[in-house]
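In this text, residue positions in the sequence shown follow numbering that gives the first Met the number 0: the first is 0, and each later residue adds one.
To start, the structure under review is shown below, and the notes come after it.
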Amino acid sequence: MELISRENPARITEIVGRVPVTGADGVDAAVRRADQARREWAARSIGDRIAALREAAQTVTGRVGELAELLARESGKPLADCRGEISFALTYLRWVCEHAPGVLAPAEIDDAAGRLVVRRAPYGVVACLTPWNAPVILAMVKLAPALAAGNAVVLKPSPLAPLAVGEVAAALPGVEVVHGGAPAGRALVTHPLVRKVAFTGGDAAGREIAAAAGAMLTPSVMELGGNDPALFLPDFALTDDDYERLVMASFATSGQVCMAAKRLYVPRARLAEFTEAYRAAAERVLVVGDPLAAGVTMGPVISAPAAERVRGLVAGSVARGGTAVPLGRAHGDLESGYFVTPTLVTGLGDDAPLVAEEQFGPAVPLLPYDTEDEALARANAGELGLAASVWSADEDRAFALAARLEAGFVFVNTHNRTGMSLRAPFGGVKRSGYGREYGEEGLLEYVQSAVAHAPAAFRGGGGGMSATAYPV
Ligand code: NAD
């Protein structure tokens with residue numbers, strides 16, 4: 000049997016765990032099991048399903064410490080972040096348990112038009128394909144609403160972080176897990192018994208998966224990359240704490256977050272002041288080292304190719320006249336893993352690859368601007384539109400600008416996960432994807448409306464309408 004061995008990206012000689020690669024036959028068997036399971040699962044009342052999900056939440060809660068350590072070792076994310084991610088996933092699961100019964104309740108419209116019931120029907124088998132950067136929460140935002148609604152799920156996590164999420168998924172009812180890379184993903188997406196595809200990941204895989212799902216007429220939800228701008232209005236007023244939060248908005252998870260602050264647009268007149276305060280904040284808050292060591296806030300990147308790619312982006316920036324400013328402090332031996340020095344890059348034009356493309360790593364460009372309209376146009380340039388942020392002492396002014404930004408989610412005076420809300424729909428505009436996670440919309444993503452209707456005219460034998468008339 001072919002196995003995937005996952006090394007610790009902070010200590011690459013250490014194998015954290017192994018999972019078997021699921022071949023096409025295995026994927027087929029998993030989908031068929033899920034298709035059997037979904038019938039019984041959907042036939043249960045939503046109250047029963049919620050009770051089972053709450054029990055699973057309780058089981059996982061008792062294991063947060065152990066799972067956080069596993070996640071830290073396989074992903075390279077600091078232990079506190081891993082604990083935070085799993086706890087947040089459980090908070091979201093409980094949020095779904097609380098809100099799904101209301102949001103998914105059938106609507107009965109009994110009026111002069113007759114009796115009309117709109118049910119929120121599950122799709123059947125949902126295929127979930129997820130990345131490695133936040134494997135537990137990015138799976139949970141799919142699993143929890145899909146299961147609450149009565150679907151069964153086949154989850155294919157990334158082979159770069161399959162272990163902790165595999166354990167969490169095993170605690171949930173109605174979930175099959177398959178492992179592997181693109182071949183396993185393709186077999187899953189193109190399976191004829193899969194009725195919905197939920198994908199989070201990069202642009203290239205997203206396009207291929209959306210096309211494959213489209214060819215099957217299988218609906219999909221796509222959460223893709225972002226190149227999020229952070230826009231500082233001329234009146235921005237940041238405290239030391241704000242600067243620290245801003246630094247972590249770019250460098251948490253070594254910058255490998257879809258909604259990280261990836262381009263910083265700062266008024267030219269305040270550039271020197273901003274740069275100095277930013278560097279000082281990074282010196283205080285950004286500590287690079289082994290994810291299990293106390294006080295470390297940034298670990299390695301996920302793999303050797305990822306480290307090469309980010310170093311290449313920085314070297315290329317310097318080659319075109321930019322200046323690389325190393326940030327933060329190192330803790331311990333950084334030769335043992337895929338560590339990349341966190342870097343602020345100044346002196347680049349918007350056509351530099353570090354600015355124009357999603358860097359997905361610990362290097363961020365600082366870009367001066369002269370007028371607000373110019374900054375807005377530059378922030379809106381490009382094909383991606385996941386998130387953005389506006390920073391201003393005047394909240395109304397920030398909200399007014401937020402409405403002009405081409406992004407699915409605009410944070411005001413913060414950025415990245417500190418600005419998230421369980422209640423708000425999250426997802427991209429333009430080529431950052433379609434469909435939404437979180438909030439009511441995230442619950443409705445996993446149901447289809449199905450209607451039963453008895454027109455008033457024909458109830459109880461009444462003949463109030465001609466045989467060919469249109470109803471009102
Ligand atoms: P990826 O696209 O390489 O992989 C994502 C998943 O799809 C993995 O499980 C992978 O094995 C699978 N896969 C890859 N190619 C496939 C194919 N052709 N057919 C079927 N399955 C395939 O992404 P990644 O490197 O794991 O994650 C990084 C990307 O994810 C970044 O672009 C990031 O911005 C994006 N992301 C988006 C969000 C969001 O919510 N919008 C959140 C996190 C990450």
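Every residue, glycine too, gets a C-beta built ideally from N, C-alpha and C.
Where the beta strand (DSSP E) through residue i begins and ends
{"i": "Glu13", "result": "10-19"}
{"i": "Val295", "result": "Per DSSP, Val295 belongs to no beta strand (DSSP E) and is neither H nor E."}
{"i": "Val446", "result": "446-454"}
{"i": "Glu207", "result": "Not the beta strand (DSSP E): Glu207 falls in the alpha helix (DSSP H), residues 202-214."}
{"i": "Trp390", "result": "386-390"}
{"i": "Asn150", "result": "From DSSP, Asn150 is part of no beta strand (DSSP E); its letter is neither H nor E."}
{"i": "Gly113", "result": "113-121"}
{"i": "Glu6", "result": "2-7"}
{"i": "Phe231", "result": "228-231"}
{"i": "Thr322", "result": "322-325"}
{"i": "Arg31", "result": "Run containing Arg31: none in the beta strand (DSSP E); it sits in the alpha helix (DSSP H), 23-42."}
{"i": "Val177", "result": "Val177 -> no beta strand (DSSP E), and no H or E assigned at all."}
{"i": "Arg194", "result": "193-199"}
{"i": "Ala339", "result": "Ala is not the amino acid found at residue 339; the sequence shown has Val there. Per DSSP, Val339 belongs to no beta strand (DSSP E) and is neither H nor E."}
Closer than 8 Å: residue i CB and nearest the ligand GDP heavy atom
{"i": "Cys81", "result": "Annotation note on the ligand GDP: not contained in the displayed structure, which lists the ligand NAD as its ligands."}
Closer than 8 Å: residue i CB and nearest the ligand NAD heavy atom
{"i": "Glu195", "result": "Checking the displayed sequence, the identity of residue 195 turns out to be Lys instead of Glu. Answer for Lys195: no, Cβ out of range of the ligand NAD."}
{"i": "Ile208", "result": "yes"}
{"i": "Ala133", "result": "yes"}
{"i": "Phe198", "result": "yes"}
{"i": "Phe359", "result": "yes"}
{"i": "Ala362", "result": "no"}
{"i": "Pro87", "result": "Residue identity differs from the one stated: residue 87 is Phe in this sequence, not Pro. No, the beta carbon of Phe87 sits no closer than 8 Å to any heavy atom of the ligand NAD."}
{"i": "Pro130", "result": "yes"}
{"i": "Asp27", "result": "no"}
{"i": "Ser157", "result": "yes"}
{"i": "Gly473", "result": "The requested residue 473 is not part of the displayed model; the chain covers only 0 to 471."}
{"i": "Ser249", "result": "no"}
{"i": "Ser472", "result": "Since the displayed the chain opens at 0 and closes at 471, residue 472 lies outside it and no answer follows."}
{"i": "Val409", "result": "no"}
{"i": "Val125", "result": "no"}
{"i": "Ala260", "result": "no"}
{"i": "Gln57", "result": "no"}
{"i": "Gly254", "result": "no"}
{"i": "Glu73", "result": "no"}
{"i": "Val30", "result": "no"}
{"i": "Glu436", "result": "yes"}
{"i": "Val188", "result": "yes"}
{"i": "Arg185", "result": "yes"}
{"i": "Gly224", "result": "yes"}
{"i": "Leu385", "result": "yes"}
{"i": "Ala355", "result": "no"}
Whole-Å CB distance - residue i paired with residue j, under 8 Å assumed
{"i": "Tyr264", "j": "Ala236", "result": "Actually they do not touch by this definition, with Cβ atoms about 16 Å apart."}
{"i": "Val339", "j": "Val167", "result": "Going by Cβ atoms, the distance from Val339 to Val167 rounds to 28 Å, so no, they are not a contact pair."}
{"i": "Val270", "j": "Asp34", "result": "According to the sequence displayed, residue 270 carries Leu and not Val. Incorrect: roughly 58 Å between the Cβ atoms, too far for contact."}
{"i": "Leu176", "j": "Leu142", "result": "It should be pointed out that residue 176 corresponds to Val in this sequence rather than to Leu. Not quite, the Cβ-Cβ distance comes to about 10 Å (not below 8 Å), so this is no contact."}
{"i": "Leu385", "j": "Arg328", "result": "Contact doesn't hold; Cβ gap of about 30 Å is too wide."}
Test item: CB-CB of residue i and residue j under 9 Å
{"i": "Gly336", "j": "Pro304", "result": "no"}
{"i": "Ile85", "j": "Val125", "result": "no"}
{"i": "Val20", "j": "Ser448", "result": "no"}
{"i": "Gly427", "j": "Leu375", "result": "no"}
{"i": "Ala260", "j": "Ser388", "result": "yes"}
{"i": "Asn415", "j": "Ala306", "result": "no"}
{"i": "Arg319", "j": "Ala351", "result": "yes"}
{"i": "Val220", "j": "Arg38", "result": "no"}
{"i": "Val363", "j": "Gly288", "result": "no"}
{"i": "Ala36", "j": "Leu103", "result": "no"}
{"i": "Asp27", "j": "Ala186", "result": "yes"}
{"i": "Tyr445", "j": "Pro121", "result": "yes"}
{"i": "Ala359", "j": "Gly200", "result": "Per the sequence shown, the amino acid found at residue 359 is Phe instead of Ala. It is not a contact, given that the beta carbons lie outside the stated cut-off."}
{"i": "Ala56", "j": "Leu89", "result": "yes"}
{"i": "Leu291", "j": "Ala9", "result": "yes"}
{"i": "Thr345", "j": "Gly315", "result": "no"}
{"i": "Ile45", "j": "Gly149", "result": "yes"}
{"i": "Leu232", "j": "Ala280", "result": "no"}
{"i": "Arg262", "j": "Asp234", "result": "no"}
{"i": "Pro341", "j": "Pro325", "result": "yes"}
{"i": "Ser302", "j": "Leu159", "result": "yes"}
{"i": "Arg114", "j": "Ala453", "result": "yes"}
{"i": "Gly77", "j": "Thr217", "result": "First, the amino acid is wrong: residue 77 is Pro here, not Gly. Contact: no."}
The alpha helix (DSSP H) enclosing residue i, as first and last residue numbers
{"i": "Lys141", "result": "134-147"}
{"i": "Cys257", "result": "First-last for Cys257: undefined, no H or E at that position."}
{"i": "Asp47", "result": "45-60"}
{"i": "His98", "result": "78-102"}
{"i": "Ser316", "result": "303-318"}
{"i": "Val63", "result": "63-74"}
{"i": "Met221", "result": "That residue, Met221, is in no alpha helix (DSSP H); its beta strand (DSSP E) goes 219-222."}
{"i": "Gly438", "result": "438-443"}
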